[in-house]
Amino acid sequence: MTVTTSLPGSSVPSAADRRPWRSRARRDAVVRTGAAAALWLALLGVDWMWAADGGLQALTAWDTALTSLGQITGLASAALLLAQVLLMARVPALEAAFGRDRLVGIHRLVGLWSFNLLVAHLVLITWGYAAGSITAWPATFWDLMWQCPGMLLAVGGTVALVLVVVTSVRAARRRLRYESWHLLHLYGYLGAALALPHQLWTGQQFLARPAVTAVWWTVWALVFAAVLVWRVALPAWRSWHHRIQVTGVVPEAPGVVSVHLMGRRLHRLVEPGQFLVWRFLGQQGWTRGKPYSVSSAPTSRSARVTVAAVGPASTAAADLQPGTRVVVEGAYGRLTRRARTRRKVLLIGAGSGLAPLRALAEGLDYAPGEAVLIERYREHPLFAAELDHLAATRGLGVVRLPGRRRADGSWVGPGFDGDDDERVLRGWVPDVAERDVYVCGPPAWTQSVREAALAAGVPAAQLHSEDFGW
Ligand SMILES: Cc1cc2nc3c(=O)[nH]c(=O)nc-3n(C[C@H](O)[C@H](O)[C@H](O)COP(=O)(O)OP(=O)(O)OC[C@H]3O[C@@H](n4cnc5c(N)ncnc54)[C@H](O)[C@@H]3O)c2cc1C
């Protein structure tokens, strides 16, 4: 079995790549501003629909005010629900501009507001139909559910959305396996789809204006088309086009293996620092995609992922056979040169979180002294020979910090008594505040590095991190 690492002759940046991050950064900033503006415009749009239909005038009497507030909360909730679906549709421009972790954070916030408004809508509109009598609320709700067109479907949709929200609460999430949570989360699409008919069949704003109905239909159709194109069609096409297969598996450390892959134009598929969701066909449980970052800068023909065994799928990676075909989704993530704002960089990783940083150490453009990599590990450092090679040939500074973390909430190991986390960081990298800091590792550890870096004067815009969690 022949396995090549991508170090010699791999995609070390060319002269043409030297300053790309500035123009990409501007483009990403435009996308972020555009996305925020589109969200606020959508909310303003539904406010306009509501006001144009006499929503404001209805606020003068108790029962009509309840119905009117029920309508605007319902419209705003539906607009946010669509935004939520779009945020997770893997739209390439959004993925590149925000990065996965930030998109997930915004998706959660928008989802929370959408859900709160949905509950308000349900309570207020039923209360309004009950002529402002709270005691008549249950009977009115029952009647509406059975008599209004599309309402039973909407109730079913609401139940699906409640399921999604309840299982997304942190305490509930911890009790679930990722796969179970993910499967339940797909009910969100069902919830959104079931809610649509009652809006169009009974919503006053739609019944009165066919043009508004047409726009609403179009927006919903576009959002669902985005999901189909970017979550289904594009991954299918990419998997076919790049024809990825396993060429070999190499042990890196106890419980850690590198899976070497070959394919077509892989450097166009994924850049150093990004991850893909991998399905190794024929492997047990292959239907459940697993996210792994590339651990070397991909060449046109080859790429590599490095996998730490923590559960069934990651343990089975050691048994992958050459020739195994691979289906991928992605690439995703913004832990790349795209996020770069400064010449100097600090890469800091723990455990398998070192994988994307190892790829970045190879793929980024830097002069000797401009890039430093700090590795935290318990017993066995990863990629030791490759990092030493990068140190010798490209002037990468390498710092290895072995041992268990000295305490929860600290990012460093033993041997720094008397120094706080921030002083340790500045001790190793005195000019840390002038660097872009790329961090990758388990969520709690990543958080403690972020805190130390911020305390050491690194501006938030220079901090780029990825959690290996969900
Ligand atoms: C963006 C990202 C990049 C990653 N890159 C790497 C990498 O380069 N190398 C590496 O060794 N590990 C990486 N991981 C972690 C890796 O995906 C999990 O360790 C792996 O999926 C575990 O699967 P399992 O079936 O072996 O274990 P399970 O028992 O199924 O899971 C163990 C733990 O892994 C996490 N996990 C499982 N499935 C997923 C999923 N689909 N998405 C997110 N988290 C999941 C959960 O926290 C779970 O508790 C990455 C994770 C993320 C989110």
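Position one of the sequence shown corresponds to residue 3 (my numbering), numbered consecutively onward.
We treat Cβ as the ideally placed atom computed from N, Cα and C, and that holds for glycine.
Only a predicted model underlies this, so the values are computations on that prediction, with no experimental measurement involved.
The nearest non-hydrogen atom of ligand 1 is less than 7 Å from the C-beta of Ser354. As a beta-bridge residue in DSSP terms, Pro404 pairs with Tyr379.
For Val441, there is no enclosing alpha helix (DSSP H); the residue is found in the beta strand (DSSP E) stretching over Asp438 to Gly443.
DSSP places Tyr334 outside any alpha helix (DSSP H); the residue lies instead in the beta strand (DSSP E), whose first and last residues are Arg327 to Tyr334. Taken atom to atom, the span from the alpha-carbon of Ala341 to that of Val307 is near 21 Å. When beta bridges are read from the DSSP output, Gln247 appears opposite Met264 and Arg327. Taking 8 Å as the upper bound for CB-CB distance, Gly332 and Gln276 are in contact here, some 7 Å apart. A straight line joining the alpha-carbon of Pro324 with that of Val248 spans about 5 Å. Excluding its 5 nearest sequence neighbours in each direction, Gly134 has C-beta neighbours in its own chain below 8 Å: Trp64, Asp65 and Leu68, listed in chain order. Per the coordinates, the alpha-carbon of Gly190 lies some 17 Å from the alpha-carbon of Ala174. The stretch 90-107 and the stretch 115-134 do not touch, with fewer than 3 CB-CB distances between them shorter than 8 Å.
If you draw a straight line from the Cα of Gly411 to the Cα of Ala373, it comes to about 26 Å. Inclusion of Ile246 and Val328 in the CB contact set at 8 Å is warranted, their separation being smaller than that value.
Rounded to whole angstroms, His243 and Leu427 show a C-alpha spacing of 44 Å. If you check the CB distance, Leu77 and Trp52 come in under 8 Å. Excluding the 5 residues flanking it on each side, His262 has same chain C-beta neighbours closer than 6 Å at Val5, Thr249, Gly250 and Arg306, in chain order.
With a cutoff of 7 Å, Ala357 counts as near ligand 1, since its C-beta is closer than that to a heavy atom of the ligand. Only buried fits Gly72, as 16 or more other CB atoms lie within 10 angstroms of its CB. Distance check between Pro432 and each of Gly371, His184 and Val258 places Gly371 closest, using alpha-carbon atoms only. Here the stretch 413-423 makes contact with the stretch 438-453; the two share three or more CB pairs at distances below 8 Å.
As a beta-bridge residue in DSSP terms, Thr308 pairs with Ser260. In this structure, Gly397 lies near Ala369, with their beta-carbon atoms less than 8 Å apart. Ranked by Cα distance from Glu388, the options Arg270, Glu254, Gly417 and Val414 are led by Glu254.
The three-state secondary structure of Glu364, taken from DSSP, is helix.
If you look at Arg102, you'll find it in the alpha helix (DSSP H) that goes Arg102 to Tyr131. Assignment of Pro253 by DSSP, reduced to helix, strand and coil, places it in the strand class. Burial is judged here by how many other beta carbons sit within 10 angstroms of a residue's own beta carbon; Thr137 has fewer than 16 and is exposed. Using a cutoff of 7 Å, the CB of Ala315 counts as near ligand 1, since one of the ligand's heavy atoms is closer than that.
Counting C-beta pairs with one atom in each stretch, the stretch 194-214 and the stretch 143-154 have three or more that are closer than 8 Å, which means they touch. The Cβ neighbour count for Ser25, taken over all protein chains shown within 10 Å, is under 16; the residue is labelled exposed.
CA-to-CA, the gap between Gly355 and Ser298 works out to about 13 Å.
Sequence-distant partners of Pro256 (beyond 5 residues in either direction) whose C-beta falls short of 7 Å from its own C-beta, in its chain, are His382. Assigned with DSSP and collapsed to three states, Pro293 falls in strand. Excluding its 5 nearest sequence neighbours in each direction, Pro314 has C-beta neighbours in its own chain below 8 Å: Gln286 and Gly287, listed in chain order.
Taken from the Cβ of Ala255, every heavy atom of ligand 1 lies 7 Å or farther away.
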